[in-house]
């Protein structure tokens with residue numbers, strides 16, 4: 001069961017990190033011109049505070065789940081619990097929608113559509129995780145948890161090395177976000193994680209995360225910068 005708890009906690013944490021970074025990057029790009037910023041000021045929308053609230057929302061949802069998973073005394077299958085949390089509980093997606101609604105007050109219909117398109121990677125990620133009633137997660141825990149546990153240090157290092165570069169200290173940093181650089185960073189995480197997992201005898205974990213990254217990259221601006229056909 002220790003393998004399962006580590007795996008599920010890691011999965012939820014990774015989802016939270018991706019939600020925070022990808023959502024903020026795309027939302028800031030949509031409201032980056034001066035007229036949009038002026039509109040936000042006129043409507044008493046503090047951009048930095050708005051993103052801080054968003055980060056707190058996502059992190060809070062993630063932490064509450066992990067705490068309940070570790071402390072639960074009920075005879076509940078933790079795998080079913082995480083499937084329900086990620087796939088049936090709208091809390092994570094609601095954090096995005098709350099942020100989107102706050103900023104949409106200053107967006108034209110055209111920009112609202114642009115924003116919707118830019119958030120597609122997040123929904124693509126959730127589609128992979130939740131397809132067939134969460135079967136990918138169930139397979140991952142049943143067949144890939146030992147592999148993930150044995151490679152946990154390598155996986156965390158892969159994410160840490162790149163996320164430390166991608167994650168800004170404040171909202172202003174996003175204005176300097178380079179699309180090609182961001183795609184390269186995302187691809188670096190994919191290559192590093194998948195390469196580490198490929199060393200395991202069972203390929204369930206490797207295939208799961210490879211598919212997850214492919215879905216996100218293919219549904220983002222990175223589809224034009226990253227050749228998924230060459231994925232390790």
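Numbering (full-length UniProt numbering), first residue to last: 1 to 232.
Idealized CB from N, CA, C, for every residue including glycine.
What residue does the alpha helix (DSSP H) around residue i start on, and which one ends it?
i           : result
residue 198 : Neither: residue 198 is in no alpha helix (DSSP H) and is coded neither H nor E.
residue 105 : Segment: none, residue 105 is in no alpha helix (DSSP H) and carries neither H nor E.
residue 39  : 34–42
residue 223 : From DSSP, residue 223 is part of no alpha helix (DSSP H); its letter is neither H nor E.
Output needed for residue i: all residues of its chain with C-beta closer than 6 Å, excluding positions within five of it in sequence on either side, in chain order.
i           : result
residue 52  : none
residue 87  : 130, 134
residue 50  : 102
residue 108 : none
residue 43  : 105
residue 206 : 194, 197, 198
Measuring straight from C-alpha to C-alpha, what distance separates residue i and residue j?
i           : j           : result
residue 57  : residue 199 : 36 Å
residue 259 : residue 112 : For the chain, the structure presents residues 1 to 232; residue 259 sits outside this window and is missing.
residue 148 : residue 197 : 7 Å
residue 37  : residue 146 : 49 Å
residue 195 : residue 129 : 20 Å
residue 228 : residue 97  : Residue placement at residue 228 cannot be trusted, given a pLDDT of 48 that sits under 50; what the coordinates show is reported in the next sentence. Roughly 29 Å separates the two Cα atoms.
residue 185 : residue 142 : 30 Å
residue 115 : residue 162 : 25 Å
residue 60  : residue 125 : 20 Å
residue 157 : residue 183 : 19 Å
residue 99  : residue 154 : 33 Å
residue 151 : residue 91  : 30 Å
residue 201 : residue 35  : 55 Å
residue 223 : residue 62  : 28 Å
residue 123 : residue 95  : 13 Å
Kindly list the residues whose CB is nearer than 7 Å to the CB of residue i, restricted to its own chain and excluding five residues on each side of it in sequence; keep chain order.
i           : result
residue 211 : 128
residue 208 : 136, 140, 144
residue 204 : 139, 140, 143, 144
residue 121 : 22, 216, 219, 220
Task: Continuous beta strand (DSSP E) assignments of at least 3 residues falling wholly in the stretch 101–149 - done: none
Open item on the list: For the stretch 187–194 against the stretch 213–224, do three or more pairs of beta-carbon atoms, one drawn from each stretch, fall closer than 8 Å, so that the two count as touching?
Closed with: yes
Open item on the list: With a threshold of 8 Å, are at least 3 pairs of Cβ atoms found where one atom belongs to the stretch 135–146 and the other to the stretch 78–87?
Closed with: yes
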